Each structure stands twice: as C-alpha cells, then as structure tokens.
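Working notes, structure below.
Protein chains: 2
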Amino acid sequence: MAEREQDLSIGQVAERTGLSVHALRFYEQEGVMFGPVRRGPGGRRVYGEQDVGWLNLCVVLRGSGMPLPEIRRYTELARQGPGTERDRLALLLRHREAVDAQMEQLRRCREIVDHKVRVYEDALDGAAALAEADAAGPARPGLGRSA
Amino acid sequence: MAEREQDLSIGQVAERTGLSVHALRFYEQEGVMFGPVRRGPGGRRVYGEQDVGWLNLCVVLRGSGMPLPEIRRYTELARQGPGTERDRLALLLRHREAVDAQMEQLRRCREIVDHKVRVYEDALDGAAALAEADAAGPARPGLGRSA
DNA sequence: GCTTGATCTCGAGTCGACTCGAACTCCTAG
DNA sequence: CTAGGAGTTCGAGTCGACTCGAGATCAAGC
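So the sequence lines, in the order shown, correspond to chains A and B.
Counting from 1, one number per residue, gives the positions in the first sequence under my numbering.
Counting from 148, one number per residue, gives the positions in the second sequence under my numbering.
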C-alpha cells in the first residue's frame, strides 16, 4: 500500500497544530475531527494534511472562545455536506458577533488600563522630577483606591 | 452612628457590579477587596461607593482575562499604599500586553471567520441565482473540509 | 535480544471561578 | 405573632478543557 507523502503521526500533528498529543485524542473523542482518523499498522493514528487543516481551523475557533460542543456542531454540519451551508453560515455569523463583542470588551478594558498606566507614569515621573529637584520627595499619594 | 447615604447592601452591590451575591463573598474571601468590608447590625456586609468602584475595576480586569490571584496581588500593592507604584505599574503594563495579544489573536480569528462567511455567502448567493435561472440548481460543492 | 521512544486505551485528576445548598439569623410588613 | 425576604457561614458541587498516569504494544537501532 502506497504510504502517502503527507501521512503524519499524532506527534507530528501535535507539532503542526500546537495541540498536545493528549488533546488530539481528546478532540477526536469529542467528535471534532472531520472524518474518522485513519489507522496505520499497530492501530496508530495516521493523519493527512486535510486533518491538519481542519484541526488548525478548530484551534482558531477555540482560540476565539468557541466551546467544543459548538465546534462539534459545525463539524457535523460540514460532514453532512451540501444542504447545510445555511446552518454553517448562521453559526459562523453568530461566532463573528461573539468575537466582535469580545473585542469591544477588550477595547474598553484596554482604555481603562491605559488610563491607569498613564496616571502611574505621570506620578512616577513627577516623583522622579521632585526627587531630582528636592532630593528627598516621597512619592505622591492619592493613587490608591479610586479607579 | 450616622448611616451614610452611600451605604449599600450586598444585594445592591451585586446589582451595581453585575457580580452575584455569592461571587461578592467569594471575592472578599479571595482577598480582592481593597479593605475589610464593614459590617452592619446582625453582621451584615455594608459597602460604600469606594468598594463598588474597586469591584468594578476588578470586573474589568477579570473580563479581560486577569486571573484572580493577579488581581489579589494588585490589590495588596494598592493596599500597601505609597512605595508600590512601580510594581503596580509593571503589573498593569504586563496586563496591557496580555490584552493586546488577545486582541491580536481575535483579530486574526475574525479575519478567518470573515473569509469563510464571505465564501458561504457567495456560494449561497450563487446557488440562489442559479435556482432563479435554472429552477433546479443544487448547491455548489467544495465548501467542506478545506479551510 | 534489548532498550528506547512513540503510541495505544482507559479512567482519574486538575484548575479556575464560581455556584449551590443547608441550616441559621435578622428585619419588616401585615 | 408570624411569614417572607435578604442576609450569614461553611462546605460541597459544577463545568469546560484538558492533563496525567498506568500498563500494554510496537518499530527501530545497537
């Protein structure tokens, strides 16, 4: 049997996807592989480039907060093939909105943190300048509790 | 004792912060309150506006992925008052970087999802147009496995 | 033949952040 | 006086996503 050029062991797939070997088996069990994973001699898993591609998509979706059950649903729809495009699109649109919401939340947080950073930097600069001028100025108070 | 205008019950604080009553007690126990929470008659917690402000900051930090132990560390530094500004600033800078990294990851993910959305929309539009023209065109294949 | 390292299955353990429930105390309204 | 609702403490339970470990198997190199 011609062993295809692209055949990969679970370890190689782990390297290429950034997932652990354990996680790969776990994902398979959770039904997020596109199709059944081929097995080589000795029952070892054999992956193709397609599997790697699918897994990398899964990694992206996970990395943006999609829970595994939802990824499984998407996988099932894709597996069913033609006729499920509308559902797949709807799922992706929902996820895109979730991603947008996350980005918005992060943006707001970043602004607040940024503001605090500036306040601290100004205060420390001020204190440094004071120390330079006065050689004994204690740090300015009032940076504590208030947001 | 003059009951201050701003005194709030745990339930009111829950409303104002979006945290649950349970979570508020949990946060207190985890040491992320700025100071010890006052107690009213019958041992009930009494919060002031300052507490709400601090909690809202905690909510923002949590919402951007800062783990509770790190929030506790920040709280301890703030509690110690003057002299810890440099450490607080360093902590905030680190967190800002973490936030930036998250945003970057989300941005990349969003692009990928967006691309897939466009592909599906085009395909569905095409199918719709086909159906209009041909009245029997099946959905275009090739939307399955490839990323 | 023997060791080494990767793989296999299966079940259990971990971690973070809450969440829940039980049993009790209070205050207020009717 | 009593019923309801909000509060208290404490410990246990939950959830998601892995992670880990034990014990067995397999392929290659010395």
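Built from N, CA and C at the ideal position, the CB exists for glycine as well.
Since this is a predicted model, take the numbers as computed values, not measurements.
Pair within 8 Å by beta-carbon distance, residue i and residue j
| i | j | result |
| --- | --- | --- |
| B:V260 | A:I112 | no |
| A:V99 | B:R257 | yes |
| B:Y267 | A:L57 | no |
| A:T75 | A:F26 | no |
| B:L224 | A:S64 | no |
Residue i in three-state terms, based on DSSP
| i | result |
| --- | --- |
| B:V199 | helix |
| A:L8 | strand |
| B:V193 | strand |
Pairwise C-alpha distance: residue j and residue i
| i | j | result |
| --- | --- | --- |
| B:V179 | A:A23 | 34 Å |
| B:R185 | B:Y194 | 7 Å |
| B:P229 | B:A237 | 15 Å |
| B:G187 | A:I71 | 49 Å |
| A:R62 | B:R226 | 37 Å |
| A:S20 | A:L55 | 12 Å |
| A:E30 | A:G53 | 18 Å |
| B:A248 | B:G189 | 47 Å |
| A:E97 | B:M250 | 15 Å |
| B:D234 | A:V117 | 11 Å |
| A:M66 | A:R73 | 11 Å |
| B:G165 | A:R94 | 24 Å |
| A:S9 | B:A276 | 44 Å |
| A:H115 | A:R108 | 11 Å |
| B:D154 | A:A127 | 35 Å |
| A:L68 | A:E28 | 11 Å |
| A:R44 | A:D51 | 15 Å |
| B:R163 | B:P183 | 19 Å |
| B:D272 | A:G11 | 41 Å |
Below-8 Å beta-carbon distance, residue i vs any chain A residue
| i | result |
| --- | --- |
| B:L101 | Residue 101 of chain B lies beyond the range of chain B shown here (148 to 294); nothing can be said about it. |
| B:V260 | yes |
| B:L171 | no |
| B:Q252 | yes |
| B:V160 | no |
| B:V184 | no |
| B:R235 | yes |
| B:Y267 | yes |
| B:R243 | yes |
| B:L166 | no |
| B:E217 | no |
| B:L202 | no |
| B:V193 | no |
| B:A270 | yes |
| B:Q176 | no |
| B:Q196 | Reading off the sequence, residue 196 of chain B comes out as Glu, not Gln. Chain A contact via Cβ: absent. |
Interface flag, residue i vs chain B, CB-CB below 8 Å
| i | result |
| --- | --- |
| A:C109 | yes |
| A:M33 | no |
| A:Q6 | no |
| A:V117 | yes |
| A:S64 | yes |
| A:E85 | yes |
Any non-hydrogen atom of the ligand NAD within 7 Å of residue i CB
| i | result |
| --- | --- |
| B:V206 | Ligands are entirely absent from the displayed structure, and the ligand NAD is therefore not among its contents. |
Expected contact under 8 Å - CB spacing of residue i and residue j to nearest Å
| i | j | result |
| --- | --- | --- |
| B:A270 | A:E49 | With a Cβ gap of about 23 Å, B:A270 and A:E49 do not count as contacting. |
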